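Participant: Numbered per numbering that gives the first Met the number 0, the sequence shown spans residues 0 to 977. Here it is: the structure, laid out below.
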Amino acid sequence: MPLLEPKPGALRPHSVRGPSPDRVPEWRAGGTPEPLRSELIELLGAQKVLWKLSDLVRYASDASPYRFVPQVVVVAEDIDDVSAVLSYAHGRGREVVFRAAGTSLNGQAQGEDILVDVRRHWAGIEVLEGGRRARIRPGTTVARANAALVRHGRVLGPDPASAIACTLGGVVANNASGMTAGTMRNAYRTLSSLTFVLPGGTVVDTADPLADEELARAEPALCRGLMEIKREIEADPELVARIRAKYEIKNTTGYRLDAYLDGTTPVEILRGLMVGSEGTLGFLAELVFDTLALDRERTTALLFFPSLPAAAAAVPLFTAAGALAVEVMDGNTLRASVRVAGVPADWAGLPKDTTALLVEFRAPDEAGRAEHERRAAEVLAGLDLVAPVPSVTNAFTRDPGTIDGYWKARKAFVTAVGGARAQGTTLITEDFAVPPSRLAEACEALLALQAEHGFDAAVAGHAAHGNLHFLLAFDASRPADVERYAAFMDAFCRLTVERFDGSLKAEHSTGRNMAPYLELEWGPRATELMWRTKAVVDPDGLLAPRILLDRDPQAHLRGLKTIPRVEAVADPCIECGFCEPTCPSKDLTTTPRQRIVLRREVMRQQPGSQVLDGLLESYGYDAVDTCAGDSTCMLACPVGIDTGALVRDFRHRRHGPREERAAELAARRFAAVEGAARLAVAAADRVTGLVGDRLPAAVAGAVRRAVRPDLVPQWLPQLPGAAARRAPATRRVGAAAVYYPACVNRIFGGPDDPSDVSLQEAVVAVSERAGKPVWIPGDTAGTCCATIWHSKGYEAGNRVMANRIVEAAWGWTAGGRLPLVVDASSCTLGLAREVVPYLTDDNRALHAELRVVDSVVWAAQELLPHLTIRRTVGSAVLHPTCSMRHLGVEAQLLAVAGACAREVVVPEDLGCCAFAGDRGMLHPELTASATAREAAEVTSRAFDAHLSANRMCEVGMDRATGRSYRSVLLELERATRP
């Protein structure tokens, strides 16, 4: 047994509110049942079949109010895998649901049988024709695709608020549109062609001139059935008129019946039907979009009105003036948005009925923008606006920072309001459209209906297109609350259809919560044609049953998930999935959302259940050990949930008293620890030079087994040698700053390049050349930014080191009169922010006087203006670190690199390297997984320099790419060397 084994049962909840009515039952404790498990493993391979209970539970939730636990999860790598699963399901009478990002709001990404993950291996974009078109794989996020297009001055038409997380496969499958797409820039209108796999396994590329001929041979009954439905529709002028009228406003309810009118052949009809089909007709394997021009010149305003109807009345005025986007946010939305970073705090005091319009005009050039501003001013002059709090300006602006802040608040609608909901409540997101001319009337009716049923919903939406979203929260564990929600839904659907002839779903697609109301909106004739369409394309009902079509009038009340309380830092989570693309472990174990989903299932269970025991057994590695703790999830989360903090708390709970004491002792005697570590690295480096890596690896392995594998790092061949024992000579007198070399740079040396100086020598040299000399204190040994203890959850050791370094820094900087320059971005973050909660009151006061400056910021702002660049390299690729993102200093890294290289590239697939101090040595598989896409992009071409700003991140990227990464300050020293 390891010396410092984790404390058993540490993550078991102290108080369990369960058992919850929707808990996973005991008979599911074994995970995927036989023979399903073994048959799929034999068919696809063990690495593609997720069968553990914890895997099934983490895939059971999406951004919707529903929860369905699949029988098995298949991680498909290619079309062959998809076809194999479909064939297997046909032969066994099973059902298949495809899932990509899981940002859908109506349960479309959940299945009760075979769930196929089509995100992990399905990312990629090929820009065509100078950006006018793009071939995109379905697991690619909208944001990633647009990042590739923006350099060509192009952009995709659909622009959903969840662009950082939602994938293009889901966008097409739901015909999601967003703020500006309306009815003419959505996927249905801008999708040039697609490749899809039909339920029978037939692969169709709609761009292939022979596609119809090949489809007729492979699926003759399907082709006949589609053409028969087309003839029936075209023979009914009243039905044709009804279909055309339904799509004059935004509508994603049911199948796109206008596909039968717009398409002339079976392939053309299928191309249209697949848009908005929610995975019920086939798998979308590849998408080709016609892109749109990116008009870069913007003028934008956030305008405040006394009420929602008053704001709605102004919408057609701005639309007529040429506004591309007119977004509405009601008082509940605005007040909830104060949780979003950068939103004015005084919005919390806005009157209840206050409503804002976010209005944006875009133009290709300055003349166009000036004309938009003239028209906007004319509209503005006739409005009765209010300014109930000081931050309100009610003016148009060109400032990009202000504009981005407005959009950040708008896009956070679902998550911000959801995060502010009452504890334990389930969030419902509804999405409907009415003719834009009747928007004000619809707003009044909606508010009255909500009040009648006891809801105080938040309302926002794409007002220019008559498309509103509103959020309701209720407790799904209370039958009375479910009944209240059901009564409201019935009344709301009747109101939308019977009074406004509106769309029950405008852009979120039908989903589980609107399927029972399909006939109410479309009528029996059109609805029956949709059922026939499903029968023609998927006669066995193989794909996504009960998601778009369901004859059960109570279907929308089935599978509603309870939200048991978890730790306070994570409790506001609405499981939206915005955090997932940035998570380093997303393709290895779990994501932040999944860590919280699993924790909630733990809380649903009763003590002693096998399900509870199984979840806790898996949670240690899947959720805690393989979390990089970089907290970039907090940056992606609109309400700032820091799952890294949750995991650090879990790590702390797992520590036994002996382990905590050992960590505290290491902090108190860190000078000896630091010296021993440097000697060990030097010794290992010498031994490796003589006998190779096998001996150091064997010694490290033995120590890991004796102490604990998650505490003692593995030996990695890419580890650098030891740093010099002594720092470069510097003088305190005349110093412009105090230079604090991080302990990692006092232990490990730089790249093995004889032309390089050490990092410490480089910082000293470039500062001297710029006339800003720095001083390195002589007593830095034994001090640290405390990140070592902080990241592992060692509170006592963290407290010791945090107070020690602040007291030392106070003395070094003469009470904060000199800036403290730190040469590792993670250490800058630790010293600037992370130590604060662990300081004594006195030391917190000292810390407030310190000026902690990252060395890259020091170089960009204080040194570059005074340096002469004598030589540059042709190209450099950058790896901005997670800490730099937290600090907001990526621009400074780009500035320094730009001075040293004629071409600077930041990978579009940039992510956290997950080396995280020593995490990459504890779990090398984590770094390998986290860096795979970035490494592929970096190694696809040659660069003259590979630059970053943190030694261990550089080691991680060395390991991932086989290229030698170095500090950008080493490159700056070389560029300015006389």
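Idealized CB from N, CA, C, for every residue including glycine. Please read all numbers here as calculations on a predicted model, not as lab measurements.
DSSP puts F649 in a beta bridge; with which residues?
Facilitator: One-based indexing of the sequence shown puts residue 649 at position 650. None, per the DSSP bridge assignment.
Participant: From what residue to what residue does the alpha helix (DSSP H) around G720 run?
Facilitator: By 1-based counting over the sequence shown, the position of residue 720 is 721. Run containing G720: none; DSSP gives neither H nor E here.
Participant: Residues bridged to A324 by DSSP?
Facilitator: Here residue 324 refers to the residue found at position 325 when the sequence shown is read from its first residue. In DSSP, A324 forms a bridge with E359.
Participant: With 16 as the cutoff for other CB atoms within 10 Å, does M920 come out buried or exposed?
Facilitator: Reading the sequence shown from its first residue, position 921 is the one you call residue 920. Result: buried.
Participant: Would you mind reading off the limits of the alpha helix (DSSP H) that contains E33?
Facilitator: Position 34 of the sequence shown, counting from 1, holds the residue named residue 33. E33 -> no alpha helix (DSSP H), and no H or E assigned at all.
Participant: Using the three-state DSSP reduction, which class does G8 fall into: helix, strand or coil?
Facilitator: For the purposes of this step, residue 8 is taken as residue 9 along the sequence shown, with counting starting at 1. DSSP places G8 in coil when its eight states are reduced to three.
Participant: So G106 packs on D61, CB below 8 Å; how close in whole Å?
Facilitator: Your numbering for residue 106 matches position 107 in the sequence shown. Your numbering for residue 61 matches position 62 in the sequence shown. Correct: roughly 7 Å between the Cβ atoms.
Participant: Suppose the cutoff is 7 Å on Cβ atoms and the five residues either side in sequence are ignored; what does the same chain contact list for G829 look like?
Facilitator: Looking up residue 829 in the sequence shown gives position 830. Closer than 7 Å at the Cβ level, and outside the excluded window around G829, lie C784, A785, T786, H789.
Participant: Quick one: Cα of R958 to Cα of E924, how far?
Facilitator: The residue you call residue 958 lines up with position 959 of the sequence shown. The residue you call residue 924 lines up with position 925 of the sequence shown. Spanning the two alpha carbons is a distance of roughly 11 Å.
Participant: With which residues is E285 paired in a DSSP beta bridge?
Facilitator: The sequence position of residue 285 within the sequence shown is 286, counting from 1. Its beta-bridge partners are T194.
Participant: Output the boundary residues of the alpha helix (DSSP H) element that contains L209.
Facilitator: As a first step, residue 209 must be located in the sequence shown, where it is residue number 210. No alpha helix (DSSP H) holds L209; DSSP gives it neither H nor E.
Participant: Does the contact criterion of 3 or more C-beta pairs under 8 Å hold for the segment 113-132 versus the segment 249-267?
Facilitator: The answer is no - the segment 249-267 does not touch the segment 113-132, with fewer than three Cβ pairs under 8 Å.
Participant: Using the rule of at least 16 other Cβ atoms within 10 Å of the residue's Cβ for burial, across every protein chain shown, is Q422 buried or exposed?
Facilitator: Taking the sequence shown and counting its residues from 1, one reaches residue 422 at position 423. When all chains shown are included, Q422 counts as exposed.
Participant: Looking only at DSSP bridge pairs, what is W774 linked to?
Facilitator: Position 775 of the sequence shown holds residue 774. Looking at the DSSP assignment, W774 forms a beta bridge with V737.
Participant: Just mark V858 as buried or exposed, buried being the case when its beta carbon has 16 or more other beta carbons within 10 Å.
Facilitator: Sequence index remark: in the sequence shown, residue 858 carries index 859 (1-based). Sequence check: residue 858 is Ala here, not Val. With 16 or more other Cβ atoms within 10 Å, it is buried.
Participant: By how many angstroms is the C-alpha of L301 removed from the C-alpha of M328?
Facilitator: Indexing the sequence shown from 1 puts residue 328 at position 329. Indexing the sequence shown from 1 puts residue 301 at position 302. Roughly 10 Å separates the two Cα atoms.
Participant: Please report the Cβ distance between L272 and T31, rounded to the nearest whole angstrom; I am assuming they are in contact, meaning their Cβ atoms lie under 8 Å.
Facilitator: Within the sequence shown, the letter at position 273 stands for residue 272. Within the sequence shown, the letter at position 32 stands for residue 31. Incorrect: roughly 32 Å between the Cβ atoms, too far for contact.
Participant: Under 8 Å by Cβ, that's how I've got V851 and A831 pegged, so tell me the actual separation to the nearest angstrom.
Facilitator: To locate residue 851, count along the sequence shown from 1; it is residue 852. To locate residue 831, count along the sequence shown from 1; it is residue 832. That belief holds up - the Cβ atoms of V851 and A831 are roughly 4 Å apart, short of 8 Å.
Participant: Note the first and the last residue of the continuous beta strand (DSSP E) segment covering V821.
Facilitator: Here the question's residue 821 lines up with position 822 in the sequence shown. Segment 819-821, the beta strand (DSSP E) holding V821.
Participant: Quick one: Cα of L283 to Cα of A172, how far?
Facilitator: The residue labelled residue 283 in the question sits at position 284 within the sequence shown. The residue labelled residue 172 in the question sits at position 173 within the sequence shown. Each residue's Cα considered, the two are about 8 Å apart.
Participant: What's the gap between the Cα of E972 and the Cα of P772?
Facilitator: Counting from 1 along the sequence shown, the entry for residue 972 is found at position 973. Counting from 1 along the sequence shown, the entry for residue 772 is found at position 773. Answer to the nearest angstrom: the Cα atoms are 14 Å apart.
Participant: Is it the case that the Cβ atoms of V72 and V84 are separated by a distance below 8 Å?
Facilitator: Taking the sequence shown and counting its residues from 1, one reaches residue 72 at position 73. Taking the sequence shown and counting its residues from 1, one reaches residue 84 at position 85. Contact flag unset, no.
Participant: Taking the alpha-carbon positions, what's the M0 to G607 distance?
Facilitator: As a first step, residue 0 is located in the sequence shown; it is residue number 1 there, counting from the start. As a first step, residue 607 is located in the sequence shown; it is residue number 608 there, counting from the start. Any reading at M0 is ruled out, since the residue's pLDDT is 45, under 50, leaving its predicted position unreliable.
Participant: Hey, quick one: how far does the alpha helix (DSSP H) through L225 stretch, first residue to last?
Facilitator: In the sequence shown, counting from the first residue as 1, residue 225 sits at position 226. 219-233 is the span of the alpha helix (DSSP H), which, as asked, contains L225.
Participant: Just to confirm, are R243 and Y187 a CB contact at a threshold of 8 Å?
Facilitator: In the sequence shown, residue 243 corresponds to position 244, counting from 1. In the sequence shown, residue 187 corresponds to position 188, counting from 1. Not a contact, by the Cβ cut-off of 8 Å.
Participant: Quick one, are the C-beta atoms of L286 and P137 less than 8 Å apart?
Facilitator: By 1-based counting over the sequence shown, the position of residue 286 is 287. By 1-based counting over the sequence shown, the position of residue 137 is 138. In this structure, P137 lies closer than 8 Å to L286 by Cβ.
Participant: Using alpha carbons as the reference points, say which of H468, A9, R545, E365 lies closest to K410.
Facilitator: Sequence index remark: in the sequence shown, residue 410 carries index 411 (1-based). The shortest C-alpha separation from K410 is found at H468.
Participant: Exposed or buried, what is Q46 when buried is set at 16 or more other beta-carbons lying within 10 Å of its beta-carbon?
Facilitator: Position 47 of the sequence shown holds residue 46. With fewer than 16 Cβ atoms within 10 Å of its Cβ, Q46 is classed as exposed.
Participant: Kindly indicate which three-state DSSP category S754 falls into: helix, strand or coil?
Facilitator: On the sequence shown, position 755 is the one that residue 754 refers to. S754: coil per DSSP, three-state reduction.
Participant: In or out: H945 buried (at least 16 other Cβ within 10 Å) or exposed?
Facilitator: Taking the sequence shown and counting its residues from 1, one reaches residue 945 at position 946. With 16 or more other Cβ atoms within 10 Å, it is buried.
Participant: Mind checking whether F431 and L356 have CB atoms under 8 Å apart?
Facilitator: Position 432 of the sequence shown holds residue 431. Position 357 of the sequence shown holds residue 356. Against a cut-off of 8 Å, the Cβ pair of L356 and F431 comes out as no contact.
Participant: Within 10 Å of its beta-carbon, does L209 have 16 or more other beta-carbons around it, so buried, or fewer, so exposed?
Facilitator: Taking the first residue of the sequence shown as 1, we reach residue 209 at position 210. By the neighbour-count rule (16 or more Cβ atoms within 10 Å), L209 is not buried but exposed.
Participant: Mapping the DSSP letters down to three states, classify Y837 as helix, strand or coil.
Facilitator: Here residue 837 refers to the residue found at position 838 when the sequence shown is read from its first residue. Looking at Y837 - three-state DSSP - the assignment turns out to be helix.
Participant: Run through DSSP, which three-state label would D570 get?
Facilitator: By one-based count along the sequence shown, residue 570 stands at place 571. In this structure, D570 counts as coil in the three-state DSSP scheme.
Participant: If I measure Cβ to Cβ from L291 and keep anything under 6 Å in the same chain, skipping five residues before and after, which residues do I get?
Facilitator: Your numbering for residue 291 matches position 292 in the sequence shown. Counting only Cβ-Cβ distances below 6 Å, and skipping sequence neighbours, we find V154, G156.
Participant: Any chance the CB of L645 is under 7 Å from a heavy atom of the ligand MN?
Facilitator: In the structure shown, the ligand MN is absent, as is every other ligand, since no ligand is present at all.
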